[in-house]
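Peer 1: This is the structure, below, for whatever I ask next.
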Amino acid sequence: MNFSLTPSLEQFVRDCAASGDYNNASEVVREAIRLLKRLEEQRALKMEHLRAAVGEGDAALARGEFSELNSDQELDAFFAEL
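With numbering that gives the first Met the number 0 applied, the sequence shown closes on residue 81, and no number is skipped along the way.
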């Protein structure tokens, strides 16, 4: 697999390898990919939880379980409690 890096990213990889925390540039890139993979997995979990919460809210709305806020003060008070 071949890929290209911008000059600034290439320098960053070199600096990380030179720091002694990594043995070489390949280790830096592998660690970066592992971190990106973890971030993507976390993002997917957050989206799953958000979709579930929206579904619960939609079901509650359909059951008539909601409060109406009729003024800016009520809206401010609602968000202050969150």
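From the three backbone atoms N, C-alpha and C, an ideal C-beta is built for every residue, glycine too.
Since L68 contacts L74 with CB under 8 angstroms, what's their CB separation in whole angstroms?
Peer 2: Right, their Cβ atoms sit about 5 angstroms apart.
Peer 1: Here's the rule: buried if 16 or more other CB atoms are within 10 angstroms of the residue's CB, otherwise exposed. What is V12?
Peer 2: V12 comes out buried.
Peer 1: Let me know the secondary structure DSSP gives L60 once reduced to three states.
Peer 2: Note: L60 maps to helix in three-state DSSP.
Peer 1: Looking at the unbroken alpha helix (DSSP H) that takes in L68, where does it start and where does it end?
Peer 2: Here L68 belongs to no alpha helix (DSSP H), and DSSP marks it neither H nor E.
Peer 1: Rank S25, A16, E40, A17 by C-alpha distance to the C-alpha of F2 and give the top, closest one.
Peer 2: Of S25, A16, E40, A17, the residue nearest in Cα terms is S25.
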